[in-house]
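Engineer: Count the sequence shown with the working numbering and you get residues 7 to 133, in order.
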Amino acid sequence: MPIDWNILPMKWLLLMLMISTVLSQDQCSCPTSCSDKEKLGRSTWFLLHSIVKNVEQTLENEEMFVEFMNILSQLYPCKECREHFILNLKNIDQVEMTEKWMCMFHNKINQQLHKPLYSCTNDRILE
Ligand SMILES: Cc1cc2nc3c(=O)[nH]c(=O)nc-3n(C[C@H](O)[C@H](O)[C@H](O)COP(=O)(O)OP(=O)(O)OC[C@H]3O[C@@H](n4cnc5c(N)ncnc54)[C@H](O)[C@@H]3O)c2cc1C
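1) From N97 to N76, what distance separates their C-alpha atoms?
2) At a cut-off of 7 Å, would you count H120 as near ligand 1, judging by its Cβ distance to the nearest heavy atom?
3) Given a cut-off of 8 Å on the beta-carbon distance, is the pair L55 and M108 in contact?
4) With a threshold of 7 Å (Cβ to nearest heavy atom), would E102 be considered close to ligand 1?
5) Is the distance from the Cβ of K59 to the Cβ of E105 below 8 Å?
6) Mark F52 as exposed unless 16 or more other C-beta atoms lie within 10 angstroms of its C-beta, in which case mark it buried.
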């Protein structure tokens, strides 16, 4: 039966427009959008690299860092990345609060996402 466009209320037209817009976008497991996943990732890496570079390496800080990484992995606000994060931590021998360890951990994720790898000795990108 054909739709009578003259009797279709404006709110239904708007709702249909919203649904078609959502369906036409790339599906993503992030809370809002795929660009948020990228932004969240870059900000998180900045924080993690900054911690290992600038925080004093004491036994107490190292213990807190290991705990922090485990908690962050459980609370990471992107489902796909969280699962990835937890699995990678699980498969790693040990978490270390060093620049080299973080560089290698970042490379692990880079590799899985087909991104360029860093040389973790001199911070040059190995294409
Ligand atoms: C733990 C974790 C898990 C993630 N899992 C996923 C996932 O499953 N799927 C997904 O789509 N995204 C995931 N992300 C996001 C993803 O890693 C990127 O942050 C995002 O795709 C943006 O990438 P980018 O190219 O801007 O660079 P990023 O990878 O965000 O890196 C930021 C900057 O760090 C520098 N950098 C890169 N590699 C290294 C390194 N090894 N050592 C030092 N510096 C380096 C570069 O200058 C780069 O521009 C995850 C992020 C985190 C923190």
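Glycine is no exception: its CB is placed at the ideal position from the N, C-alpha and C atoms.
Structural biologist: Looking at the atomic coordinates:
1) Cα to Cα, N97 sits roughly 13 Å from N76.
2) Incorrect: H120 has no Cβ contact closer than 7 Å to ligand 1.
3) In the sequence as displayed, the identity of residue 55 is His instead of Leu. Contact check for H55 against M108 passes: the beta carbons are separated by less than 8 Å.
4) It does not: the Cβ of E102 is nowhere closer than 7 Å to a heavy atom of ligand 1.
5) Cβ distance < 8 Å, so K59 and E105 count as in contact.
6) Classification for F52: exposed.
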